[in-house]
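*Asks:* Submitted below is the structure of interest, expressed as structure tokens.
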């Protein structure tokens with residue numbers, strides 16, 4: 009049994025990068041289970057999601073952050089930017105996730121923030137399976153010229169290639185101190201939070217490009233029943249307009265029902281119990297600009 013007080017390392021690790029670079033996929037792959045939702049829509053991650061990685065000799069509290077926003081439009085964008093900035097401010101180490109190409113303006117801005125934070129940083133080149141090795145090496149060299157990264161690790165989360173090397177590199181960057189969380193803790197988020205995220209993920213999956221980014225999910229009831237009775241869960245999907253509401257519900261409620269059909273098995277896998285999921289759609293005009301609503305749902 010590892011002595012978690014002698015030569016043990018632990019700390020908060022912020023995973024940062026541009027939108028859709030694969031930060032959530034990377035977090036899930038490192039943890040070996042799904043914690044952050046994933047979709048092709050930009051800025052799917054709106055929340056600071058923490059997942060605890062326990063390994064031999066270290067514990068890393070990995071923080072999945074929203075994608076970098078150069079210019080915010082509203083209260084939602086401002087809240088996401090604050091979560092990214094807060095994660096960088098709290099972190100003992102930073103993982104910059106980037107696609108295997110030369111750094112752009114977004115990466116340069118994040119590198120400047122990392123330098124200002126003055127903490128150890130790792131560069132992870134995601135989707136490394138999509139590029140030939142001879143083309144990858146110049147990209148790594150260019151990044152090495154921009155910042156003194158502790159390590160540069162190409163990773164393919166889909167093929168699980170490079171994850172062990174990355175895990176050990178993360179552990180090496182952490183300070184020597186006791187574990188921040190008990191070993192059985194996976195996250196600091198509630199089950200209710202993850203239920204709402206799963207519903208939102210299925211909305212993105214089921215409607216593809218038909219539904220705009222302007223949807224939010226609020227779990228308003230979560231009644232944990234006893235025995236074999238299914239837990240009762242009621243969630244409200246907030247949209248901007250009546251036309252979006254009609255689209256989400258679909259003819260005879262069929263489209264919304266399909267979202268529930270897709271979400272319920274993953275919710276039951278999350279809770280380990282049967283669930284009855286009831287979904288409602290509510291028009292909440294300009295919800296992205298309502299600070300109180302944003303604070304409640306984030």
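In our numbering, the protein residues as written are 9 to 306. Glycine included, C-beta positions come from ideal geometry on N, C-alpha and C. What you are looking at is a predicted structure, and each value in this text was computed from that prediction instead of being measured.
Just to confirm before moving on: does the CB-CB distance between residue 158 and residue 181 stay below 7 Å?
*Replies:* Against a cut-off of 7 Å, the Cβ pair of residue 181 and residue 158 comes out as a contact.
*Asks:* Mind pulling the beta strand (DSSP E) runs of 3 or more residues that sit fully within the stretch 189 to 255?
*Replies:* Runs found: 223 to 231, 239 to 247.
*Asks:* Decide if residue 265 is buried, meaning its Cβ has at least 16 other Cβ atoms within 10 Å, or exposed.
*Replies:* It is exposed - the Cβ of residue 265 has fewer than 16 other Cβ atoms within 10 Å.
*Asks:* Taking residue 199 and residue 278 to be in contact with their CB atoms under 8 Å, please state how far apart those CB atoms are, rounded to whole angstroms.
*Replies:* Right, their Cβ atoms sit about 7 Å apart.
*Asks:* Leaving out the 5 sequence neighbours to the left and right, which residues in its chain are closer than 8 Å to residue 263 when beta-carbon positions are compared?
*Replies:* Result list for residue 263: 214, 215, 255, 256, 257, in chain order.
*Asks:* Quick one: Cα of residue 293 to Cα of residue 223, how far?
*Replies:* Roughly 11 Å between the two C-alpha positions.
*Asks:* Do residue 144 and residue 18 count as a contact pair if the criterion is CB distance below 7 Å?
*Replies:* No; because the gap between Cβ atoms is not below 7 Å, this pair is not in contact.
*Asks:* Cβ of residue 283 within 7 Å of Cβ of residue 274?
*Replies:* No, the Cβ-Cβ distance between residue 283 and residue 274 is not below 7 Å.
*Asks:* Out of 267, 236, 288, 253, which one is the CA nearest neighbour of residue 280?
*Replies:* Cα-wise, what sits closest to residue 280 is 236.
*Asks:* Quick check on DSSP: helix, strand or coil for residue 146?
*Replies:* Three-state result, residue 146: helix.
*Asks:* In chain order, what residues of the same chain have a beta carbon less than 7 Å from the beta carbon of residue 98, not counting five sequence neighbours either side?
*Replies:* For residue 98, where only same-chain residues beyond five positions count, the Cβ hits under 7 Å are 20.
*Asks:* In terms of residue numbering, what span does the beta strand (DSSP E) encompassing residue 44 cover?
*Replies:* Careful: residue 44 lies outside any beta strand (DSSP E) and carries neither H nor E.
*Asks:* Among 230, 15, 34, which one has its Cα closest to the Cα of residue 172?
*Replies:* Checking every option, the nearest Cα to that of residue 172 belongs to 34.
*Asks:* If you reduce the DSSP assignment to three classes, tell me which class residue 103 lands in.
*Replies:* Residue state, collapsed to three classes: strand.
*Asks:* Could you compute how far the alpha carbon of residue 249 sits from the alpha carbon of residue 295?
*Replies:* Going from the Cα of residue 249 to the Cα of residue 295 covers about 10 Å.
*Asks:* Is the beta carbon of residue 193 closer than 7 Å to that of residue 60?
*Replies:* Yes; because the gap between Cβ atoms is below 7 Å, this pair is in contact.
*Asks:* How many Å lie between residue 149 and residue 135 at the Cα?
*Replies:* Taking the straight line from one Cα to the other gives about 17 Å.
*Asks:* Of all the options 101, 259, 304, which has the alpha carbon lying nearest to the alpha carbon of residue 179?
*Replies:* Residue 101 is the option with its Cα nearest to residue 179.
*Asks:* For residue 185, which residues of its own chain have a beta-carbon under 6 Å away from its beta-carbon, when the five flanking residues on both sides are left out?
*Replies:* Around residue 185: 18.
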